[in-house]
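**Student:** Below you will find the structure I want to go over with you.
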Ligand SMILES: Nc1ncnc2c1ncn2[C@@H]1O[C@H](COP(=O)(O)OP(=O)(O)OP(=O)(O)O)[C@@H](O)[C@H]1O
């Protein structure tokens, strides 16, 4: 009685176990079915006698043969019935190795790469054949697509190579990053048309260099490139500088006509750098010139005609300035014909080391050094934010080249903000808080000057009047000693 109970309990557990395994197998089968059915490759599975067991939907589409015509039919029959050109399985059956052939399906007229792989049983005999068919039309259209992309790539590279070749000798522009190469390709195209270009980008990104590149690659390259720094030009001198003056036009003017910058740029290129710094009054005068391509010399009556190409540059947000009524909308549209956005250095990291090496070569030659950049220095350069962009990089390399003790430049020789902030490293051990703060201030003034390239810009960035910046710098320099601000603009 007890024994019977155990047996029935055992058999119930076995039944449960079997039921679970059947469910598992069904689940596995469902997954396998879904996998085979949804494969984009056509799949055909045959048994050891090369009789088709199953195919998927992609196989039906490729061959035009329906499932019911295939399943249970030996492959050789398909060849005999002129449905397929030859059997790959038949070859595998002989060699017992995977094999690939090009097979034609006569119903659809399509061809495919058919790869047949044998699956062996535990005795080493072939149990199944699995064939994967990849549509050759699809492969060839992918190939064509790839060729097209390669072609475009080659064309792009050729274009860039020719731009670089044209740059050779005339320009020392270093460009390696894809983002900057795109800028250069655009600039090369714009150079060929005579329209006004507006160069936009942070301070020190190379707007001046790109303006010169456009001029050198334009039909005006054998005439003058005349840069005007709009930030440096005063209201009172604007007209006489740009338009020139007649003899005796004002006290101190000589007896002869003095042509202005516009006339100097005739048939050439006028580069209006920092155009966002012009006062509204000067903007109105400039707009008049751009509209009429003519002006009247100070003290004169007759309009003078000029043929100039204008390139303007700014690091200001002119659109915002227009909204704030600080920049004339009509002038903005006249300048913004061909905008070129020059990315900041931190967004074109592939340029950093080639530029650093270029500046290093320059300073090595200038000072007769043989300096090299250590890997740690390269790492520091690559990981810095470069708010002053290429100009700041150039200044940092010059500084490092000069102050390093050995020929291998280590990060310690870079300006402290590039190598990492160590602002009071040079303070004596007994220095109090005041001295530390003053030394820190001195290093910041020095660094911002190096970063922005002029006292005016550095002072503006630090929200100080330039005179305060200069006075402070001189006082601290005399107290703690470092490079002089004398002669700096
Ligand atoms: N691609 C480059 N290759 C070599 N030198 C460069 C490159 N870009 C910039 N420079 C150098 O970096 C310095 C700053 O460049 P540039 O004066 O053209 O910048 P910018 O954008 O016009 O600056 P700003 O806004 O202050 O007028 C210059 O000494 C310039 O020669």
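In the working numbering, the protein residues as written are 244 to 732.
No residue lacks a Cβ here, since even glycine has one placed at the ideal position from N, Cα and C.
In three-state DSSP terms, what is residue 376?
**Tutor:** If DSSP states are grouped into helix, strand and coil, residue 376 belongs with the strands.
**Student:** Please report the Cβ distance between residue 366 and residue 331, rounded to the nearest whole angstrom; I am assuming they are in contact, meaning their Cβ atoms lie under 8 Å.
**Tutor:** So it is not a contact: roughly 24 Å between Cβ atoms.
**Student:** Give me the Cα-Cα distance between residue 664 and residue 657, rounded to the nearest whole angstrom.
**Tutor:** Unreliable placement is indicated for residue 664, whose pLDDT of 48 sits below 50; the coordinate value is still reported in the next sentence. Going from the Cα of residue 664 to the Cα of residue 657 covers about 11 Å.
**Student:** Do residue 597 and residue 629 count as a contact pair if the criterion is CB distance below 8 Å?
**Tutor:** No, Cβ-Cβ distance for residue 629 and residue 597 is not below 8 Å.
**Student:** For the beta strand (DSSP E) containing residue 515, list its first residue and its last residue.
**Tutor:** Residues 512-516.
**Student:** Three or more beta-carbon pairs under 8 Å between the segment 548-563 and the segment 440-457, yes or no?
**Tutor:** Contact between the segment 548-563 and the segment 440-457 is present, because at least three Cβ pairs lie under 8 Å.
**Student:** Taking residue 600 as the reference, give the member of 469, 415, 507, 510 with the closest Cα.
**Tutor:** Of the listed residues, the one whose Cα sits closest to residue 600 is 415.
**Student:** Am I right that residue 354 and residue 379 are in contact with their C-beta atoms under 8 Å? What's the rounded C-beta distance?
**Tutor:** That belief holds up - the Cβ atoms of residue 354 and residue 379 are roughly 5 Å apart, short of 8 Å.
**Student:** Thinking residue 295 and residue 322 are a contact (beta carbons under 8 Å), I'd like their distance in whole angstroms, please.
**Tutor:** With 8 Å as the limit, residue 295 and residue 322 do not qualify as a contact, their Cβ atoms being about 13 Å apart.
**Student:** Kindly list the residues whose CB is nearer than 7 Å to the CB of residue 727, restricted to its own chain and excluding five residues on each side of it in sequence; keep chain order.
**Tutor:** Note that residue 727 has pLDDT 46, beneath the 50 cutoff, so the model's placement of it is unreliable and the number below is only indicative. Hits under 7 Å: 720.
**Student:** Could you check the C-alpha separation between residue 361 and residue 627 for me, to the nearest Å?
**Tutor:** Straight-line Cα distance between these residues: approximately 58 Å.
**Student:** Identify, in the order they occur along the chain, each residue of the same chain with its Cβ nearer than 6 Å to the Cβ of residue 514, setting aside the five sequence neighbours on each side.
**Tutor:** Taken in chain order, the residues that qualify are 454, 470, 554.
**Student:** Look at residue 187 and residue 580 and say whether their C-beta atoms are less than 8 Å apart.
**Tutor:** Coverage of the chain is limited to positions 244 through 732, which leaves residue 187 absent and any answer about it impossible.
**Student:** To which residues of the same chain is residue 624 closer than 6 Å at the C-beta, ignoring the five residues directly before and after it?
**Tutor:** Closer than 6 Å at Cβ, skipping near neighbours: 595, 599.
**Student:** Would you check if there are 3 or more beta carbon pairs closer than 8 Å linking the segment 515-523 to the segment 421-435?
**Tutor:** These segments do not touch.
**Student:** Are the CB atoms of residue 578 and residue 441 nearer to each other than 8 Å?
**Tutor:** Taking 8 Å as the Cβ cut-off, residue 578 and residue 441 qualify as a contacting pair.
**Student:** Which same chain residues, not among the five before or five after residue 282, have their C-beta less than 7 Å away from its C-beta?
**Tutor:** Closer than 7 Å at the Cβ level, and outside the excluded window around residue 282, lie 299, 301.
**Student:** Does the beta-carbon of residue 277 have 16 or more other beta-carbons within 10 angstroms, so that it is buried, or is it exposed?
**Tutor:** Residue 277 is exposed by the Cβ-count criterion.
**Student:** Suppose you measure from the CA of residue 696 to the CA of residue 391; what does that come to, to the nearest Å?
**Tutor:** Looking at the two C-alpha atoms, the distance is approximately 46 Å.
**Student:** Excluding the 5 residues flanking residue 285 on each side, which residues of the same chain have their C-beta closer than 6 Å to its C-beta?
**Tutor:** These residues qualify, in order along the chain: 301, 302, 305, 376.
**Student:** On the criterion of 16 or more Cβ atoms from any shown chain inside 10 Å, does residue 338 qualify as buried, or is it exposed?
**Tutor:** Looking at its Cβ environment, which holds fewer than 16 other Cβ atoms inside 10 Å, residue 338 is exposed.
**Student:** Starting from residue 255, follow its DSSP beta bridges and name the residues at the other end.
**Tutor:** Beta-bridge pairing links residue 255 to no other residue.
**Student:** Is residue 680 closer than 8 Å to residue 691 when the C-beta atoms are compared?
**Tutor:** Not in contact: residue 691 and residue 680 (Cβ atoms no closer than 8 Å).
**Student:** At a cut-off of 7 Å, would you count residue 556 as near ligand 1, judging by its Cβ distance to the nearest heavy atom?
**Tutor:** Under cutoff, so the answer is yes.
**Student:** Pick out whichever of 352, 633, 641 has its Cα sitting closest to the Cα of residue 445.
**Tutor:** Closest option to residue 445, Cα to Cα, is 633.
**Student:** Among the candidates 341, 347, 459, 527, whose CA atom is the shortest distance from the CA of residue 326?
**Tutor:** Of 341, 347, 459, 527, the residue nearest in Cα terms is 347.
**Student:** Out of 372, 275, 262, 344, point me to the one whose CA is closest to residue 287's CA.
**Tutor:** If we check each option's Cα against that of residue 287, 372 comes out closest.
**Student:** Just to confirm my understanding: we take residue 693, look at its own chain, exclude 5 residues before and 5 after, and list those with CB closer than 6 Å. What are they?
**Tutor:** The answer, listed in chain order, is 638.
**Student:** Starting from residue 355, follow the beta strand (DSSP E) in both directions and report where the run begins and ends.
**Tutor:** 353-363 is the extent of the beta strand (DSSP E) around residue 355.
**Student:** Check this for me: beta carbons of residue 525 and residue 478, under 8 Å apart or not?
**Tutor:** Yes, these two residues count as a Cβ contact at 8 Å.
**Student:** In three-state terms, what does DSSP make of residue 547?
**Tutor:** Looking at residue 547 - three-state DSSP - the assignment turns out to be strand.
**Student:** Quickly, what does DSSP pair residue 538 with across the bridge? List them, please.
**Tutor:** According to DSSP, which records beta bridges pairwise, residue 538 is partnered with 547.
**Student:** Where residue 412 and residue 341 are concerned, what is the direct C-alpha to C-alpha distance, given to the nearest angstrom?
**Tutor:** Residue confidence for residue 412 is low, a pLDDT of 48 falling below 50, so the modelled location carries little weight and cannot support an answer.
**Student:** When you measure from the CB of residue 553 to every non-hydrogen atom of ligand 1, does any distance come out below 7 Å?
**Tutor:** Flag unset: Cβ of residue 553 not near ligand 1.
**Student:** Mark residue 677 as exposed unless 16 or more other C-beta atoms lie within 10 angstroms of its C-beta, in which case mark it buried.
**Tutor:** Classification of residue 677: exposed, given that the 10 Å Cβ count is below 16.
**Student:** Helix, strand or coil for residue 422 per DSSP?
**Tutor:** Helix, per DSSP.
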